[in-house]
Amino acid sequence: MAVGRHYINHTSISAVNPLALADEIIAGKRLSRNDNLSEFLQMDLSALRRGANRIRKALCGNVFEFCGIINAISGKCGEDCRFCAQSCCCHTSAEEYDILSLEEIAHDAKKYETSGVGRYSIVTAGRGLHGKDFLQALCIYRELHGSTSLSLCASHGLQTEEEFRKLKAAGVTRYHANLETSARYFPQICSTHTYQDKIENILRARRAGLSVCSGGIIGMGETPEDRLNMAISLAELHITSIPINLFTPIEGTPLAKTPPISQEDALRTVAFFRYLNPTAQIRMAAGRRRFADSGAAFFCSGANAAITGNMLTTAGTSAAEDCLMVKRLGFTLS
232 MAVGRHYINH TSISAVNPLA LADEIIAGKR LSRNDNLSEF LQMDLSALRR
282 GANRIRKALC GNVFEFCGII NAISGKCGED CRFCAQSCCC HTSAEEYDIL
332 SLEEIAHDAK KYETSGVGRY SIVTAGRGLH GKDFLQALCI YRELHGSTSL
382 SLCASHGLQT EEEFRKLKAA GVTRYHANLE TSARYFPQIC STHTYQDKIE
432 NILRARRAGL SVCSGGIIGM GETPEDRLNM AISLAELHIT SIPINLFTPI
482 EGTPLAKTPP ISQEDALRTV AFFRYLNPTA QIRMAAGRRR FADSGAAFFC
532 SGANAAITGN MLTTAGTSAA EDCLMVKRLG FTLS
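Read in order, the letters of the sequence shown are residues 232 to 565 in our numbering.
1) Pick from ILE300, CYS384, PHE503: whose alpha carbon is nearest that of LEU591?
2) Where do the ends of the beta strand (DSSP E) carrying PHE297 lie?
3) Are ALA550 and SER382 close, meaning C-beta to C-beta below 8 Å?
4) Thinking C-alpha only, which one of ALA517, PHE395, SER422 is nearest LEU369?
5) Measure how close the beta-carbons of GLU344 and SER386 come, nearest whole angstrom, since I'm counting them as under 8 Å.
6) Taking DSSP's pairing of strands, which residues face ILE538 in a bridge?
7) Look at the alpha carbon of LEU252 and the alpha carbon of ILE449, and state the distance between them as a whole number of angstroms.
8) Taking the runs of the alpha helix (DSSP H) that are 4 residues or longer, which of them lie wholly in the segment 323-376?
9) How would you write the range of the beta strand (DSSP E) that THR500 sits in, first residue to last?
10) Looking only at C-alpha atoms, which of ALA487, ALA436, VAL443, ARG261 sits nearest to ARG514?
11) Would you call CYS315 buried or exposed, if buried means 16 or more other Cβ atoms sit within 10 Å of its Cβ?
12) Drop a sphere of 10 angstroms on the beta-carbon of ASP266, count the other beta-carbons inside from all chains shown, and report buried for 16 or more, exposed for fewer.
13) Could you spell out where the beta strand (DSSP E) holding PRO480 opens and where it closes?
14) Would you report the Cα separation of SER417 and GLY518, rounded to the nearest angstrom?
15) Which of the three DSSP states, helix, strand or coil, is assigned to MET451?
16) Is the beta carbon of LEU555 less than 8 Å from the beta carbon of SER269?
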């Protein structure tokens, strides 16, 4: 599969006007690397946001999905991702603990379920989850599958196809595996695994019968074209759930001094992600809390899903408050 090439071609988008282009996409047009995607960086932001929301309403409706997450293994990760407080290469105040108990995770999951959240993800630090920790995770997934109505996600790094099959048999329906950034910029972010490792992991999960949640982080020093490349790579992979994290610098990591992304750049990115992935869930994740009303503007710019609660090593938003916010915007919770 040819995914994540380092360039975008520059033939013209037939309708440079964002609203006209939105109507073409609703009618069936799909953009590719052969289109001049850099036009998105010049379009009027207000019109671009309206067009993205028009696409979302027409192709996805007003259904909104929240996902709660828990950090089930924290810290001591041997990977060197430059943004991550849990990397052993960094010197941060992130907690370090082994896998949480079934009782702790089940209690947390049921709190989300009671709040109206429909999906729940167990996240673990590390390159992958194997051995006794993997077996314990399977037991936890089986329990949650039998005792809650939550749709279950897993986020454990690089796994084998057989492990993915076992996760599915335990009740997991979706696997989370972020690309993080563009193929071009990825070596600036991580050296202990590759962009291609990410792609192959996604394909293994899909062969095992799992749907895939994959997106990345914006504002780590990448260019706007890197963001376009990530968006079109996700389209080429046919990803159905795309989390967008707004980078939050953490003291003790190599990117601690990176200036935060502006709201205008973040809104533009979310909007063109919708144009390039018109039927996907565009899922706001970490970082939206620093904007007004927990980032409500993103949900008027094409986004239709979110992660709620605490975001692993950064503060998040209350699930109850989030549910009220999206209902005020006219969404119905899935």
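Ideal placement from N, C-alpha and C gives every residue a C-beta, glycine not left out. Computed from a prediction, not measured in an experiment: that's the story for all the values here.
To lay it out plainly:
1) Within the shown structure, residues of the chain are numbered from 232 to 565, placing residue 591 beyond reach of any answer.
2) 294-304
3) no
4) PHE395
5) So it is not a contact: roughly 19 Å between Cβ atoms.
6) CYS298
7) 24 Å
8) 333-346
9) Where THR500 is concerned, there is no enclosing beta strand (DSSP E), although the alpha helix (DSSP H) it sits in stretches over 494-507.
10) VAL443
11) buried
12) Buried, by the Cβ-count rule.
13) It is not in any beta strand (DSSP E) - PRO480 carries neither H nor E in the DSSP assignment.
14) The sequence given here has Phe at residue 417, not Ser. Going by the C-alpha atoms only, they are around 20 Å apart.
15) Looking at MET451 - three-state DSSP - the assignment turns out to be coil, as it is neither helix nor strand.
16) No; because the gap between Cβ atoms is not below 8 Å, this pair is not in contact.
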